[in-house]
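Since the structure comes first, as structure tokens, the remarks are kept for the end.
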Amino acid sequence: MRFIDEYRNVELGKRLIERIHYRSTKPIRLMEFCGGHTATIFKHGIRQLLPPTIEMLSGPGCPVCVTANADLDKAIALARIPDVIITTFGDMLKVPGSYSSLQQVKAEGGDIRVVYSTQDALNIARRNPSKSVVFLGIGFETTAPTIAASVLEAAREGIGNYYVLSLHKLCPPVIKALLDSGEVKLDGIVCPGHVSAIIGSHPYEFIPHDYKIACVISGFEPLDVLLCIYMLVVQIENGEHKVEIAYRRGVTPEGNHRALEVLDIVFKPCEANWRGIGTVPESGLRLRKEYRRFDAEYAFKIEVEPPHEPAGCLCGDILRGVKIPLDCKLFRSVCSPEHPVGPCMVSSEGSCSTYYQYGEVHG
Ligand code: SF4
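For the sequence shown, position 34 matches number 142 in this note's numbering, and the numbering has no gaps at all.
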């Protein structure tokens, strides 16, 4: 299949691995920010093919996982309001909040519908004018533009019963927060591919400049990730720090102008609450004043109890890269994809789910 097979070519993969072994002479620590990269690395056994000089850590790049319980509880509270239809991507259903989950509310009679796009949500709003339809806006810069576009469409058409609960997150500010915390020492970052297709490579420039950390943007096929690791190793071995793109077929330095424009028309950056990390300035998106009538937080009185985390769950530490799923006593014994205790076991991009599916080998 075009754009897949050529990025899984075994001979090319072997050559890249040889070159990584040849160039890597000193111990380095790399973080793959994105859960999609963690999945590729585990699925294709990449960690085991790397020299012992390279340590890979998983970062917080799973939008479902980083949604704080306080925010998830708001979505669950909205789902309990009469005549409200919640529309969401499927991953969110099973994520446990502090006291319940969307799946549980649905089982109790709540109207919660899994959709595949904001168009589906808008159609539900059009077909149900007497109900309020709330779309759960959970995702990074990748998904936010389509949600912004849905708000513009609703405004154009005068759809008055469509709302967004904006829990979006922005990646560069949280990378800064992680680096500022000093909890993890990194030599290089495998930067997210899909997010960068929207924002480009420029927003990462502060990382090499301020923190002397190498950055390479990667795609999601095994050769993409191997090329990215190779480019990181070369930078670090040469004593360089810069932002490079190993995913040229998806990412340009400037990003996607149209998507960024739509995003900026509807949303503005705001403080956001990240699971395990806490509040990070300018790392979320709020609807601008002109579109406030579509903001679920303004339209509804949402009442929630103080949030709490599931006992024994280490998702917060895992998302900061200071623990791995194998450090959690509940992993596999109590917590599994069928019975997830925390979000990192629910989402296909969650580290615990990846460890569960593809192996548990350290390193
Ligand atoms: Fe949380 Fe389960 Fe992962 Fe443990 S294994 S950190 S309980 S999601």
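A virtual CB, placed ideally from N, CA and C, is assigned to each residue, including glycine.
On a predicted model such as this, the values are computed, not experimentally measured, just so you know.
Subject >> Through-space distance from W382 to V272, alpha-carbon basis >> reply: Approximately 19 Å, taken between the alpha carbons.
Subject >> Expected contact under 8 Å - CB spacing of F150 and Y466 to nearest Å >> reply: The C-beta separation of F150 from Y466 comes to about 4 Å, placing the pair in contact by the 8 Å criterion.
Original post:
Out of curiosity, what's the CA-to-CA distance linking I189 and F408?
Top reply: Computed Cα separation, rounded: 9 Å.
Original post:
Which value, in whole angstroms, describes the spacing of the CA atoms of V153 and D219?
Top reply: A quick correction: the sequence has Gly, not Val, at residue 153. Near 41 Å, if we compare the C-alpha coordinates of D219 and G153.
**OP:** For G205, collect the residues of the same chain with a Cβ closer than 8 Å to its Cβ; drop the 5 residues on either side in sequence, then sort them by chain order.
**Re:** Leaving aside the five residues that flank G205 on each side, the residues in its chain whose CB is nearer than 8 Å to its CB run, in chain order, N177, L180, D181, A183, I184 and P415.
Original post:
Identify the residues that DSSP records as bridge partners of P377: which are they?
Top reply: Paired residue(s): L393.
Subject >> Whole-angstrom distance between A187 and F402, CA atom to CA atom >> reply: Rounded to the nearest angstrom, the two C-alpha atoms are 16 Å apart.
**OP:** Tell me whether E265 sits in a helix, a strand or coil according to DSSP, three-state version.
**Re:** Here E265 sits in helix by DSSP.
Subject >> Coil, strand or helix - E126 by DSSP >> reply: Three-state DSSP puts E126 in a helix.
Original post:
Across which residues does DSSP place T196 in a beta bridge pair?
Top reply: Residue pairing by DSSP places T196 opposite V222 in a beta bridge.
Original post:
Do Y115 and D295 have their C-beta atoms within less than 8 Å of each other?
Top reply: In terms of Cβ geometry, Y115 and D295 do not form a close pair [threshold 8 Å].
Subject >> Three-state secondary structure (DSSP) of E249 >> reply: Coil.
**OP:** Go to P168, then tell me how far its beta strand (DSSP E) extends in each direction, as first and last residue.
**Re:** Per DSSP, P168 belongs to the beta strand (DSSP E) from I162 to G169.
**OP:** Check whether the stretch 443-454 touches the stretch 416-429, counting contact only when three or more Cβ pairs, one atom from each stretch, lie closer than 8 Å.
**Re:** Flag = yes, the stretch 443-454 and the stretch 416-429 touch.
Original post:
Heavy atom of the ligand SF4 less than 7 Å from the Cβ of L180, yes or no?
Top reply: Incorrect: L180 has no Cβ contact closer than 7 Å to the ligand SF4.
**OP:** Decide if the stretch 160-169 is in contact with the stretch 232-243; the criterion is three or more beta carbon pairs, one per stretch, under 8 Å apart.
**Re:** Too few Cβ pairs lie closer than 8 Å, so no.
**OP:** From the DSSP output, in three-state form, read off S240 for me.
**Re:** Strand, per DSSP.
Original post:
Anyone know if the C-beta pair for I353 and I321 falls short of 8 Å?
Top reply: It is not a contact, given that the beta carbons lie outside the stated cut-off.
Original post:
From V449 to G458, what distance separates their C-alpha atoms?
Top reply: V449 and G458: Cα-Cα distance of roughly 12 Å.
Original post:
Quick one: any contact between the stretch 336-348 and the stretch 286-300, if contact means 3 or more CB pairs under 8 Å?
Top reply: Segments in contact, yes.
Subject >> Coil, strand or helix - F473 by DSSP >> reply: With the chain represented from 109 up to 471, any question about residue 473 goes unanswered, as that position is not in the structure.
**OP:** Can you say whether I351 is buried or exposed, counting buried as having 16 or more other CB atoms within 10 angstroms of its CB?
**Re:** The residue asked about is misnamed: residue 351 is Val in this sequence, not Ile. Classification of V351: buried, given that the 10 Å Cβ count is 16 or more.
Original post:
Do you know offhand how far K214's Cα is from Y130's?
Top reply: For the pair K214 and Y130, the Cα-to-Cα distance works out to about 55 Å.
**OP:** Could you give the DSSP three-state label for R290: helix, strand or coil?
**Re:** Here residue 290 turns out to be Gly, not Arg, going by the sequence shown. In the structure shown, G290 sits in coil (DSSP, three-state: anything other than H, G, I, E or B).
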